[in-house]
DNA sequence: ATCCTCACGGTTGTATGCAATCGTCCGTGA
DNA sequence: TCACGGACGATTGCATACAACCGTGAGGAT
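Protein chains in written order, with this note's numbering: chain A, 340 to 552; chain B, 340 to 552.
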């Protein structure tokens with residue numbers, strides 16, 4: 340693996356974990372020094388992340404960790420629903436029962452720590468990512484990944500409630516069981532509800548925050 | 340504008356115009372010499388185009404103009420339909436009548452040259468791009484642009500028939516008129532038919548080509 | 001006091017050179 | 001004749017140096 344990718348992975352994690360919160364200014368030189376590299380690979384990494392919508396980059400301007408406003412979020416979630424519906428459609432049509440069995444096994448036990456660990460966001464995203472991968476499409480996973488990258492920072496607020504974590508787990512298993520029965524309509528319906536519920540929650544907490552200042 | 344962007348724009352056009360057909364190998368040095376630049380900006384441009392799915396790029400491997408197979412095309416068109424439906428939804432909901440009037444005026448006259456000019460593909464894409472822009476979303480246009488980039492090479496075969504060009508023009512105006520009446524359901528229906536018709540046509544000619552060798 | 005000008009520091013854009021790696025081709029052996 | 005191995009060439013990965021540009025702040029004019 341190239342240095343460029345290593346740096347991109349590290350920065351991406353730091354952004355997603357909110358170590359670098361939205362609005363943070365980033366310079367090529369600063370990162371280069373920090374990682375003991377030259378500007379060249381760092382530069383490539385930053386361009387990569389900008390393309391993933393994690394950074395904002397205009398020519399001859401600073402890099403900045405991007406944020407999402409309420410307006411975009413509506414679009415992003417609608418896209419997400421549309422794309423994940425397509426995932427369900429493909430899975431049912433291709434009857435990929437084996438992969439689904441593995442997924443169900445992986446999710447058969449409820450999450451261990453429900454003490455508001457933000458890492459459970461990653462677990463939820465891993466589920467959806469695995470589902471996308473099981474669709475067998477080469478187009479859907481990267482598109483969904485891009486959407487979720489942009490939503491991630493917002494979703495970090497989404498799992499502070501242990502009750503909510505459990506509900507998410509139950510919804511995931513319900514979706515998988517519907518898929519195992521090849522009941523595409525039910526699976527899609529459950530998935531829609533699951534995603535929009537997340538939307539409502541994030542939207543509420545976000546508007547509360549935006550109303551403050 | 341930076342050299343990187345200039346080069347990216349030129350190469351993008353050459354790929355979309357099939358001057359660089361799918362499968363063509365590209366080297367940084369070759370392009371650098373051709374444009375009288377160093378490898379650095381050329382390199383950035385190639386990375387950019389790879390991110391737009393116009394080039395394939397693996398670390399330490401050649402760059403290659405990407406092609407689309409039948410399998411991916413199904414996905415790409417389904418995505419396109421889903422996204423453009425969303426565009427219609429947004430336009431109707433926001434009642435952006437002004438922009439639509441401009442669009443209709445622009446398309447009020449049938450295309451001048453119907454002699455199989457491949458540039459009419461660009462006209463069709465310009466229509467859909469304008470429609471996406473009229474949605475007011477900051478999310479939809481780039482996503483659709485990415486999809487269309489990947490489909491473009493295939494669609495070049497799509498407009499050799501003058502009758503088809505006229506039909507496309509008629510469908511566009513019909514969609515716009517439905518939107519002006521805020522009839523979202525009709526507009527979406529027409530749009531779906533319009534896109535899937537293109538799909539059928541391209542799919543048929545592509546499978547014919549793939550069957551040959 | 002406010003606005004404008006201009007120069008400076010900092011940051012990105014580009015060029016060049018070297019290192020690392022991969023594909024290819026030739027030669028050798030079975 | 002075919003398979004395997006190694007060396008060469010070509011290409012990308014990375015480092016460094018310089019150029020161009022932009023925002024920012026000080027200083028002066030109004």
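Cβ coordinates follow ideal geometry from the N, Cα and C atoms, glycine included. If you're wondering where the values come from, they're calculated on a predicted model, not measured in any experiment.
If we count the other Cβ atoms within 10 Å of its Cβ and call it buried at 16 or more, is residue 359 of chain B buried or exposed?
The sequence position of residue 359 of chain B within the second chain is 20, counting from 1. Answer is buried; the Cβ neighbour count reaches 16.
Between the segment 350–364 of chain B and the segment 375–388 of chain B, do at least 3 Cβ pairs fall closer than 8 Å?
By the criterion of at least three beta-carbon pairs nearer than 8 Å, the segment 350–364 of chain B is in contact with the segment 375–388 of chain B.
Distance cutoff 8 Å, beta carbons only. Does residue 476 of chain B sit that close to anything in chain A?
Position 137 of the second chain, counting from 1, holds the residue named residue 476 of chain B. Output row for residue 476 of chain B: interface = yes.
Limits of the alpha helix (DSSP H) - the one that residue 381 of chain B falls within
In the second chain, the residue the question calls residue 381 of chain B occupies position 42. Start and end: 378–390.
Can a CB atom of chain B be found closer than 8 Å to the CB of residue 484 of chain A?
The count along the first chain starts at 1 and reaches residue 484 of chain A at position 145. Residue 484 of chain A does not count as touching chain B.
For residue 343 of chain B, does the count of other Cβ atoms within 10 angstroms reach 16, so buried, or fall short, so exposed?
Looking up residue 343 of chain B in the second chain gives position 4. Per the 10 Å Cβ criterion, buried.
How should residue 482 of chain B be labelled, buried or exposed, when 16 other C-beta atoms within 10 angstroms of its C-beta is the threshold for buried?
Along the second chain, read from residue 1 onward, the residue named residue 482 of chain B stands at position 143. It is buried - the Cβ of residue 482 of chain B has at least 16 other Cβ atoms within 10 Å.
Return the residue from the list A/375, A/373 and A/493 that minimises the CA-CA distance to residue 542 of chain A.
Mapped onto the first chain, residue 542 of chain A falls at position 203. Of the listed residues, the one whose Cα sits closest to residue 542 of chain A is A/493.
Relative to the C-alpha of residue 422 of chain B, which candidate in B/513, B/512, B/477 and B/462 has its C-alpha closest?
Within the second chain, numbered from 1, the residue matching residue 422 of chain B stands at position 83. Of the listed residues, the one whose Cα sits closest to residue 422 of chain B is B/477.
Measure the alpha-carbon distance for residue 417 of chain A versus residue 378 of chain B and round it to whole angstroms.
Here residue 417 of chain A refers to the residue found at position 78 when the first chain is read from its first residue. Here residue 378 of chain B refers to the residue found at position 39 when the second chain is read from its first residue. So the two alpha carbons sit approximately 41 Å from each other.
Test: residue 366 of chain B CB closer than 8 Å to a CB of chain A:
Within the second chain, the letter at position 27 stands for residue 366 of chain B. Output row for residue 366 of chain B: interface = no.
Same chain only: Cβ atoms within 6 Å of residue 395 of chain B, ignoring 5 sequence neighbours per side
Taking the first residue of the second chain as 1, we reach residue 395 of chain B at position 56. Contacts found: 403 and 405.
Could you tell me the alpha carbon to alpha carbon distance between residue 442 of chain A and residue 365 of chain B, rounded to whole angstroms?
As a position in the first chain, residue 442 of chain A is number 103, starting the count at 1. As a position in the second chain, residue 365 of chain B is number 26, starting the count at 1. Distance between the alpha carbons of residue 442 of chain A and residue 365 of chain B: 40 Å.
Reducing DSSP to helix, strand and coil, say where residue 425 of chain B ends up.
Locating residue 425 of chain B in the second chain gives position 86, where the first residue counts as 1. Looking at residue 425 of chain B - three-state DSSP - the assignment turns out to be helix.
is_contact[residue 394 of chain B, chain A] using C-beta, thresh 8 Å:
Residue mapping note: residue 394 of chain B aligns to position 55 of the second chain, counting from 1. Cβ-Cβ to chain A under 8 Å: no for residue 394 of chain B.
Between residue 453 of chain A and residue 512 of chain B, what straight-line distance do the alpha-carbon atoms span, to the nearest angstrom?
In the first chain, residue 453 of chain A corresponds to position 114, counting from 1. In the second chain, residue 512 of chain B corresponds to position 173, counting from 1. Since pLDDT at residue 453 of chain A reaches only 47, below the 50 mark, its modelled position is unreliable, and no value is offered.
Distance check for residue 346 of chain B and residue 462 of chain B, CA to CA, integer angstroms please.
For this step, residue 462 of chain B is matched to residue 123 along the second chain. For this step, residue 346 of chain B is matched to residue 7 along the second chain. If you take the alpha carbons of residue 462 of chain B and residue 346 of chain B, they lie about 23 Å apart.
Sort B/414, B/408 and B/465 by Cα distance to residue 544 of chain B and report the nearest one.
Within the second chain, residue 544 of chain B is the residue found at index 205, counting from 1. Checking every option, the nearest Cα to that of residue 544 of chain B belongs to B/408.
Does the CB of residue 351 of chain A have a neighbour CB from chain B at under 8 Å?
Walking along the first chain from the start, residue 351 of chain A turns up at place 12. Not one chain B Cβ lies under 8 Å of residue 351 of chain A.
Under the rule that 16 or more other beta-carbon atoms within 10 Å means buried, what is residue 546 of chain A, buried or exposed?
Residue numbering aside, residue 546 of chain A sits at position 207 when the first chain is read from its first letter. Exposed is the call here.
What is the rounded straight-line gap between the Cα of residue 414 of chain B and the Cα of residue 424 of chain B?
Taking the first residue of the second chain as 1, we reach residue 414 of chain B at position 75. Taking the first residue of the second chain as 1, we reach residue 424 of chain B at position 85. Looking at the two C-alpha atoms, the distance is approximately 15 Å.
Taking only three categories from DSSP, how would you classify residue 351 of chain B?
Stepping through the second chain from its first residue, residue 351 of chain B is reached at position 12. In the three-state DSSP reduction, residue 351 of chain B falls in the helix class (H, G or I).
Would you mind telling me which residues of chain A sit closer than 7 Å to residue 414 of chain B, beta carbon to beta carbon, in chain order?
Position 75 of the second chain, counted from the first residue, corresponds to residue 414 of chain B. Result: 476, 478 and 479.
In chain order, what residues of the same chain lie with their CB nearer than 7 Å to the CB of residue 489 of chain A, ignoring the 5 residues before and after it?
Here residue 489 of chain A refers to the residue found at position 150 when the first chain is read from its first residue. Result list for residue 489 of chain A: 392, 407 and 415, in chain order.
Within 8 Å, strictly: CB atoms of residue 521 of chain A and residue 475 of chain A:
The residue given as residue 521 of chain A occupies position 182 in the first chain. The residue given as residue 475 of chain A occupies position 136 in the first chain. Not a contact, by the Cβ cut-off of 8 Å.
Opposing strand residues paired with residue 627 of chain A [DSSP bridges]:
The structure shown does not extend to residue 627 of chain A, since chain A spans only 340 to 552, so no value can be given for it.
Provide the residue span of the alpha helix (DSSP H) that contains residue 369 of chain B, from first to last.
Counting from 1 along the second chain, the entry for residue 369 of chain B is found at position 30. That run of the alpha helix (DSSP H) goes 367–374.
Let me know if residue 401 of chain B comes out buried or exposed under the rule of 16 or more other beta-carbons within 10 Å of its beta-carbon.
If you number the second chain from 1, residue 401 of chain B lands on position 62. Exposed is the call here.
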